[in-house]
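Quick note on the UniProt record's numbering: the sequence shown kicks off at 1 and runs consecutively.
C-beta atoms are modelled at their ideal positions from N, C-alpha and C, and glycine is treated no differently.
Please read the structure below before turning to the comments.
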Amino acid sequence: MLTAVSKFRNKSGLASTTRVMPFFLSTFPAHATAAPLCPPPSPYPSPHFRLPSLPRRGLAFLAAAAPPRALPPTPRQAMASLATSTAAAAAAEVTHLSQRDAADIDEQLMGPLGFSVDQLMELAGLSVATAVAEVYKLSEHTRALIICGPGNNGGDGLVAARHLYHFGYKPFVCYPKRTAKPLYSGLVTQLESLAIPFVPVEDLPQDLSGQYDIVIDAMFGFSFHGTPRPPFDDLIQMLVSLSVVGDSAKRPPIVSVDIPSGWHVEEGDVSGGGIKPDMLVSLTAPKLCAKKFTGPHHFLGGRFVPPPISSKYGLELPPYPGTSMCVRIGKVPSVDISSLRENYISPELLENQVMPNPFDQFRSWFDEAVTAGLREPNAMALTTVNKAGKPSSRMVLLKGVDKQGFVWYTNYGSQKAHDLSENSNAALLFYWNEMNRQVRVEGSVQKVSEEESEKYFHSRPRGSQLGAIVSKQSTVISGREVLQQAYKELEQKYSDGFIPKPDYWGGYRLTPNLFEFWQGQQSRLHDRLQYSQREVGGSTEWHIQRLSP
Numbered sequence: 001m002l003t004a005v006s007k008f009r010n011k012s013g014l015a016s017t018t019r020v021m022p023f024f025l026s027t028f029p030a031h032a033t034a035a036p037l038c039p040p041p042s043p044y045p046s047p048h049f050r051l052p053s054l055p056r057r058g059l060a061f062l063a064a065a066a067p068p069r070a071l072p073p074t075p076r077q078a079m080a081s082l083a084t085s086t087a088a089a090a091a092a093e094v095t096h097l098s099q100r101d102a103a104d105i106d107e108q109l110m111g112p113l114g115f116s117v118d119q120l121m122e123l124a125g126l127s128v129a130t131a132v133a134e135v136y137k138l139s140e141h142t143r144a145l146i147i148c149g150p151g152n153n154g155g156d157g158l159v160a161a162r163h164l165y166h167f168g169y170k171p172f173v174c175y176p177k178r179t180a181k182p183l184y185s186g187l188v189t190q191l192e193s194l195a196i197p198f199v200p201v202e203d204l205p206q207d208l209s210g211q212y213d214i215v216i217d218a219m220f221g222f223s224f225h226g227t228p229r230p231p232f233d234d235l236i237q238m239l240v241s242l243s244v245v246g247d248s249a250k251r252p253p254i255v256s257v258d259i260p261s262g263w264h265v266e267e268g269d270v271s272g273g274g275i276k277p278d279m280l281v282s283l284t285a286p287k288l289c290a291k292k293f294t295g296p297h298h299f300l301g302g303r304f305v306p307p308p309i310s311s312k313y314g315l316e317l318p319p320y321p322g323t324s325m326c327v328r329i330g331k332v333p334s335v336d337i338s339s340l341r342e343n344y345i346s347p348e349l350l351e352n353q354v355m356p357n358p359f360d361q362f363r364s365w366f367d368e369a370v371t372a373g374l375r376e377p378n379a380m381a382l383t384t385v386n387k388a389g390k391p392s393s394r395m396v397l398l399k400g401v402d403k404q405g406f407v408w409y410t411n412y413g414s415q416k417a418h419d420l421s422e423n424s425n426a427a428l429l430f431y432w433n434e435m436n437r438q439v440r441v442e443g444s445v446q447k448v449s450e451e452e453s454e455k456y457f458h459s460r461p462r463g464s465q466l467g468a469i470v471s472k473q474s475t476v477i478s479g480r481e482v483l484q485q486a487y488k489e490l491e492q493k494y495s496d497g498f499i500p501k502p503d504y505w506g507g508y509r510l511t512p513n514l515f516e517f518w519q520g521q522q523s524r525l526h527d528r529l530q531y532s533q534r535e536v537g538g539s540t541e542w543h544i545q546r547l548s549p
């Protein structure tokens, strides 16, 4: 727990997720009244609406788009960026602080470095809430019990409760020994204004498993000394009893803030009979006792350590990625792959709601993916098969679509090009994870015209043009330096202007004969609508069928 200097301390005893798809107005029939869970900023555009250009790698058919506007990140994108850590950060050596050093750092922060205790408490509580949200998904851990002590560790818990409420959780707070200082009473008032329940100790069930999905231990931090007094001794024992339940899936996980309450700040769980938290959120830097933590999730939070502190105390801390307020440290837990599953929640995909032409239906879904701010919604898996019947797949980028087909560009000497020269049949797969959607497209492939390839090549950034010349795709090279050297030579060669398109580079167009639109639903009762071509009265028409999931 991040504390003020010790004089501020009262040293007495005092895993499967649900996937919710963003709803769009166009998803529902005219008579539908369901409110969108995640509505776009304005009703879904008309068929004549033009989308903003995709950054750097936009589609050809979006070239005449309206002036670009910044799309806000989706909630899933924002959350994904929080507490995301690299393998290097997880494996790196991290400094662990003694109790004295931790107290000295707090004195420095709130002395010459100008921080106030409420600033640090706010940052610490937000770090705890974001770490919790990173691991314990809202769909399965909605009800959070936060047990707060009388000092700054308890204040961190109060702040975390507020942020968890705004993240969508349902927090309950047990705060038996309230501190009368304005900072703490203000935090209580904030929670009361949100109608967050305060639960007296005597009203807590002996077994917390039935009423709460997660328990946050914010009782005591690193400045605590001695033996916990009532009622915290009983509360700690309640968590001890909870943590010894054999099947972790049948009990709420325990999250400890900075120090598992009752542990020695440097020696850890000395008696061996203390709390065994599932997550530890260390603040500022891990304390020495964190070396004894054996749970699956260890995060570092409190993104406020300035260079003078890092230099003076020789702190080795992992970098915080992006705008994250916390970062995973220690060993990344192993995952039981068989237990990974999603329970999708999406609007129904019904035959009477989709467009009769699959190209129009694709454009509708694609436009919604762009509007939702998905990263590279034009990414698609391309599967080809050679003359021996051996398939191969890779991700490519869609660069144009119209009623004639789907267009992408590549090296004509690549494996996919060789496959297509032997077997012109191929398949595309678009997967829009955040929207619980995928689209399969099958058909035959032909090269686009040389004029079309030439036009697109010269619309690309100069670096991409040079890269297309440098790369003899799918051939074996001795090392990356070969590419880098060739690239430098081409930069010099064409430094004065025009870069010619190489003959071995150009586009392909897949002309579809089958589409399938897939919408994830609960209990694996997914919607699958297939468009296939039929001859009717001498003309070809698209026919829609529902497939069993």
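* Kindly confirm or deny that the stretch 341-348 and the stretch 529-547 touch, where touching means at least three C-beta pairs closer than 8 Å. => No, the stretch 341-348 is not in contact with the stretch 529-547.
* Asked: For residue 176, is the classification buried or exposed, using 16 other Cβ atoms within 10 angstroms of its Cβ as the cut-off for buried?
  -> Taking all protein chains in view, the Cβ of residue 176 is crowded by 16 or more other Cβ atoms within 10 Å, so the residue is classified as buried.
* Run through DSSP, which three-state label would residue 609 get? -> Examination of residue 609 is not possible in this model, given that the chain is present from 1 through 549 alone.
* Asked: Can you give the Cα-Cα distance for residue 480 and residue 470, rounded to whole angstroms?
  -> Whole-angstrom Cα-Cα distance: 12 Å.
* Going straight from the alpha carbon of residue 453 to that of residue 539, what length do you get? -> In a straight line, the C-alpha of residue 453 is about 31 Å away from that of residue 539.
* Asked: Along the chain, where does the alpha helix (DSSP H) that runs through residue 163 open and close?
  -> Unbroken alpha helix (DSSP H) run through residue 163: 152-167.
* **As assigned by DSSP and simplified to three states, the class of residue 9** => Confidence is the limiting factor: at residue 9 the pLDDT is only 35, short of 50, which leaves the residue's position unreliable, though a coordinate-based value still follows. Of the three classes helix, strand and coil, the one that applies to residue 9 here is coil, per DSSP.
* Asked: With distances taken from CA atoms, which of 96, 506, 430 and 364 is nearest residue 393?
  -> Out of 96, 506, 430 and 364, 430 has the C-alpha closest to the C-alpha of residue 393.
* **CB of residue 204 within 8 Å of CB of residue 163, strictly** => Result no, Cβ atoms of residue 204 and residue 163 do not sit closer than 8 Å.
* **Unbroken beta strand (DSSP E) run spanning residue 431, endpoints** => 425-432
* Asked: From residue 328 to residue 299, what does the alpha carbon distance come to, in whole angstroms?
  -> 4 Å
* For residue 353, which three-state DSSP category applies? -> coil
* To do: Tell me, please, which residues DSSP counts as bridged to residue 380.
  => 396
* Would residue 477 be called buried (16 or more neighbouring beta carbons within 10 Å of its own) or exposed? -> exposed
* To do: With DSSP collapsed to three states, give me the class of residue 121.
  => For residue 121, the secondary structure class from DSSP, reduced to helix, strand or coil, is helix.
* **Cβ-based neighbour list, residue 317, same chain, cut-off 8 Å, excluding 5 preceding and 5 following** => Within the same chain, residue 317 has close Cβ partners 94, 95, 285, 300, 305 and 310.
* Asked: Does DSSP put residue 263 in a helix, a strand or coil?
  -> Of the three classes helix, strand and coil, the one that applies to residue 263 here is coil, per DSSP.
* Please classify residue 225: does DSSP put it in a helix, a strand, or coil? => coil
* Looking at the unbroken beta strand (DSSP E) that takes in residue 487, where does it start and where does it end? -> That residue, residue 487, is in no beta strand (DSSP E); its alpha helix (DSSP H) goes 480-493.
* Have a look at the DSSP bridge pairing and note the partners of residue 254. => 215
* May I have the straight-line CA-CA distance separating residue 27 from residue 353, to the nearest angstrom? => Only weak support exists for where residue 27 lies, its pLDDT of 40 falling under 50; the value from the coordinates is given anyway. Those two C-alpha atoms are separated by around 8 Å.
* **Burial state of residue 140 (16 or more Cβ within 10 Å)** => exposed
* Member of 207, 465 and 382 whose CA lies at the smallest distance from the CA of residue 508 -> 382
* Coarse secondary structure for residue 362, derived from DSSP in three states -> helix
* Kindly indicate which residue of 115, 522, 130 and 547 has the alpha-carbon position closest to the one of residue 320. => 130
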